[in-house]
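Peer 1: Going line by line, the protein sequences match chains A and B.
With UniProt numbering, letter number 66 in the first sequence gets 66, and the count goes up by one each step, no holes.
With UniProt numbering, letter number 240 in the second sequence gets 240, and the count goes up by one each step, no holes.
Think of the CB as a built atom: it goes at the ideal place given N, C-alpha and C, for glycine as much as any other residue.
Here it is, the structure in full.
Protein chains: 2
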Amino acid sequence: METRELRYFVAVAEELHFGRAAQRLGIAQPPLSRAIQQLERRLGVALLERTSRTVTLTEAGSVLLREGRAALDAVDAADRRTRRAATGRPGLVLVTKAGASGDLLRKLLDAYAAEPGAVTVDVLLCGPAEQEPLLRDGRADVALLHRPFDSTTGFDTEELCTEGQVALLPAGHPLTTRAHLQMADVTALPGLPMPRWPAPDGTYPDGPGPRVRDSAQLFQLIALGRASAVLPESCRTHLRGDLVAVPVLDAPTVTTVIAWPPHSRSRAVAGLVRAATRL
Amino acid sequence: METRELRYFVAVAEELHFGRAAQRLGIAQPPLSRAIQQLERRLGVALLERTSRTVTLTEAGSVLLREGRAALDAVDAADRRTRRAATGRPGLVLVTKAGASGDLLRKLLDAYAAEPGAVTVDVLLCGPAEQEPLLRDGRADVALLHRPFDSTTGFDTEELCTEGQVALLPAGHPLTTRAHLQMADVTALPGLPMPRWPAPDGTYPDGPGPRVRDSAQLFQLIALGRASAVLPESCRTHLRGDLVAVPVLDAPTVTTVIAWPPHSRSRAVAGLVRAATRL
DNA sequence: GGCGGCGATACCTCCCCGGTATCGATTGCC
DNA sequence: GGCAATCGATACCGGGGAGGTATCGCCGCC
């Protein structure tokens, strides 16, 4: 199976439309049809059910979609990491959610930088659920992930710290006088819905809350009295004056972990992880 | 990057010889040379240093060897799992070291078989260090691994049980009268060296011990007074009469884990894991 | 029933993969 | 020191296959 065929199949499987998939791939539709047929013939497996009106995935097709994406990520990672290795400038890319674990990150970078043989660490900030693909396809070397929100499946990890969560409310809100809250108090606040974060593909789930892309937007919306949120308590360290954090006792505990792709034999990653576990 | 190019590069990187690599790939040498040149040109990276007498890997080349192998495994896994999904016979392949965790495996299979919706589980027995590649390239769905001997890096795992280790000695050996031993007692037994197991590529490490391929060979050699071994204590359950097991107090504890590839959304794998954790 | 949308087919072109023959460089040997 | 052997690179050729355009066949819809 060639990566070209995999790319073609993934495109069709995602679009469920040969014409659009071909457009996305920058080729004409007929070669795409033929490539998929050939892939099915070589595998001896029907991947798609076509009526002349609609395309759907077979059972085997959805398996290949899932596995094929993983395989393409692995190929992309090989490409990127090889290119990076050739630049001669050894450097790490660490990715974390913007606005999370600020203190921890600073301490980690300081501790690592003090080590002998430390390389430069580029910090990449991104939205939630964007870290996983970055780590998987080689655009990043290490990530700070937050369980249970992020899935650490397929990565090697070390736990760094755990913390409770707090509700963020606009200053002056009645609940801000309370010493602590329960989840039930905040999930159904009238007029303060939970915001919606984008999925990895950039789309937003359905729901009542406002759409947010980063923590600055979120804080702004909370300050305006248009939303509320439950976040790890470390977010208090850079809290604006117009927001109040109240502990939520029964919210799930958040564990910050440092994660890196397996078979990462890189000296630099190992050093960074060692620095992290010693914090 | 196409998988063909990756396969070619991995072959050359492993052989460090264009002629032999070409032979292994079943093509002539000139197309192979060209393919590698083209790969280097497209990546913009030197992967190999050729003198007209010898071929060596560059830094970037060894990165691509590691990452490329992982990528090829992922592609192979996609192929195999798609084919398997298409057969319609949902079945699982569980791989474990021959002779290890016999009781646990039996209990696991019984417990899972009793579940509603259980599928057939094919058991694949193999030598040590062979499980990882099987799981990685899709020939197996689940494995029973034994830490710290097997690396679980890159897999999702659940711990099943932990146990101490025992020294296996021929009946009548002086040490068999002892109630327990230390590692130091057994590592340097005169005339009873530790046997050597094959690496994943089938070669044996250097050393004094006899070469063994499976536990039957091992037991035979120990009974003959030609070797000794330190094994998890569960091996006692199917011990021959001419062997004696003595606990080794300071040997590392062995943890049996059930491991499966990440993104395995399969219902069957999930069911088997659930059955395993409930044991 | 005609129209429009969609995937499949037919057919053509050209690139690139693989093969053979050969070169050029390095090494080891007498 | 020169000659042969070894090994990777180069030159050149032929065929298969990838991609393009034109068109067909099928189906849903006004």
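If you reduce the DSSP assignment to three classes, tell me which class residue 129 (chain A) lands in.
Peer 2: Correct three-state label for residue 129 (chain A): coil.
Peer 1: Would you kindly work out how many angstroms separate the C-alpha atoms of residue 112 (chain A) and residue 127 (chain A), rounded to a whole number?
Peer 2: Approximately 24 Å, taken between the alpha carbons.
Peer 1: Whole angstroms are fine: how far does the CA of residue 75 (chain B) sit from the CA of residue 227 (chain A)?
Peer 2: Cα-Cα distance, rounded: 44 Å.
Peer 1: Buried or exposed: residue 158 (chain A), going by 16 or more other Cβ atoms within 10 Å of its Cβ?
Peer 2: When all chains shown are included, residue 158 (chain A) counts as exposed.
Peer 1: What three-state label does DSSP hand residue 259 (chain A) in the structure shown?
Peer 2: It is a strand residue.
Peer 1: For residue 78 (chain B), which residues in the same chain have their Cβ closer than 8 Å to its Cβ, ignoring the five residues on either side in sequence?
Peer 2: 138, listed in sequence order.
Peer 1: Quick one: list the residues of chain B neighbouring residue 49 (chain A), beta-carbon separation under 9 Å, in chain order.
Peer 2: Near residue 49 (chain A) there are no residues of chain B at all, since even the closest Cβ is about 13 Å away, more than 9 Å.
Peer 1: Exposed or buried, which one is residue 216 (chain B) when buried takes at least 16 other CB atoms within 10 Å?
Peer 2: Residue 216 (chain B) should be labelled exposed.
Peer 1: Short of 7 Å Cβ to Cβ, which residues in the region 146 to 166 of chain B face chain A?
Peer 2: Within the region 146 to 166 of chain B, the residues whose Cβ lies closer than 7 Å to some Cβ of chain A are 153, 154, 156, listed in chain order.
Peer 1: Nearest chain B C-beta to residue 2 (chain A) closer than 8 Å, yes or no?
Peer 2: Yes, residue 2 (chain A) counts as interfacial toward chain B.
Peer 1: Buried or exposed: which applies to residue 182 (chain A), given that a residue is buried once 16 or more other Cβ atoms fall within 10 Å of its Cβ?
Peer 2: Its Cβ having fewer than 16 others within 10 Å, residue 182 (chain A) is exposed.
Peer 1: Report the three-state DSSP secondary structure of residue 190 (chain B) (helix, strand or coil).
Peer 2: Three-state DSSP puts residue 190 (chain B) in coil, outside helix and strand.
Peer 1: Would a C-beta distance cut-off of 8 Å place residue 148 (chain A) and residue 119 (chain A) closer than the cut-off?
Peer 2: No, these two residues do not count as a Cβ contact at 8 Å.
Peer 1: From residue 214 (chain A) to residue 104 (chain A), what does the alpha carbon distance come to, in whole angstroms?
Peer 2: When rounded, the distance between both Cα atoms is 19 Å.
Peer 1: Here's a check: name, in chain order, each residue in its chain whose Cβ is nearer than 7 Å to the Cβ of residue 9 (chain B), leaving out the five neighbours to either side.
Peer 2: The residues are 36, 39, 47, 64, 68.
Peer 1: Does residue 283 (chain A) come out as helix, strand or coil in the three-state DSSP assignment?
Peer 2: Because residue 283 (chain A) is not part of the residues shown, which for chain A are 1 to 279, the question remains open.
Peer 1: Name the chain B residues that come within less than 7 Å of residue 82 (chain A), Cβ to Cβ?
Peer 2: Residues of chain B passing the Cβ test: 43, 45, 60, 63, 64, 67.
Peer 1: Please name the residue in A:164, A:144, A:161 whose C-alpha comes closest to that of residue 155 (chain A).
Peer 2: Of the listed residues, the one whose Cα sits closest to residue 155 (chain A) is A:144.
Peer 1: Any beta carbon of chain B sitting closer than 8 Å to that of residue 122 (chain A)?
Peer 2: Not an interface residue.
Peer 1: Helix, strand or coil for residue 56 (chain B) per DSSP?
Peer 2: Looking at residue 56 (chain B) - three-state DSSP - the assignment turns out to be strand.
Peer 1: Per the contact definition of three or more C-beta pairs closer than 8 Å, is the region 1 to 21 of chain B in contact with the region 173 to 182 of chain A?
Peer 2: No, the region 173 to 182 of chain A does not touch the region 1 to 21 of chain B.
Peer 1: With three or more beta-carbon pairs closer than 8 Å as the criterion, would you say the region 81 to 95 of chain B touches the region 10 to 29 of chain B?
Peer 2: As far as the Cβ criterion goes, the region 81 to 95 of chain B does not touch the region 10 to 29 of chain B, which means the pair count is below three.
Peer 1: Residue 14 (chain B) lies in the alpha helix (DSSP H); which residues open and close that run?
Peer 2: Per DSSP, residue 14 (chain B) belongs to the alpha helix (DSSP H) from 3 to 15.
Peer 1: Any beta-carbon of chain A closer than 8 Å to the one on residue 13 (chain B)?
Peer 2: Closer than 8 Å: no.
Peer 1: Going by C-alpha to C-alpha distance, which of A:52, A:117, A:60, A:98 sits closest to residue 197 (chain A)?
Peer 2: Here the closest residue by C-alpha is A:98.
Peer 1: Could you tell me whether the Cβ of residue 77 (chain B) comes closer than 8 Å to any Cβ of chain A?
Peer 2: Yes, its Cβ sits closer than 8 Å to a Cβ of chain A.
Peer 1: Would you mind giving the Cβ-Cβ distance between residue 83 (chain A) and residue 72 (chain B), rounded to the nearest angstrom? I have them listed as a contact below 8 Å.
Peer 2: In fact, because the Cβ distance is near 18 Å, the residues do not count as touching under 8 Å.
Peer 1: With 8 Å set as the bound, which would you pick, yes or no: does the beta-carbon of residue 262 (chain B) sit closer than that to a beta-carbon of chain A?
Peer 2: So yes, residue 262 (chain B) belongs to the interface.
Peer 1: Would you say residue 46 (chain B) touches the ligand GTP, meaning its beta carbon is less than 7 Å from a heavy atom?
Peer 2: By its list of ligands, the structure shown contains no ligand whatsoever, and the ligand GTP lies outside what it can speak to.
Peer 1: Note down, in chain order, each residue of its chain lying with its Cβ closer than 7 Å to the Cβ of residue 231 (chain B), except the 5 sequence neighbours on either side.
Peer 2: 165, 166, 168, listed in sequence order.
Peer 1: Let me see if you follow: with CB-CB separation under 8 Å, is residue 274 (chain B) close to chain A or not?
Peer 2: Cβ-Cβ to chain A under 8 Å: no for residue 274 (chain B).
Peer 1: Taking 8 Å as the CB-CB cut-off, is residue 265 (chain A) touching chain B?
Peer 2: By this cut-off, residue 265 (chain A) is an interface position.
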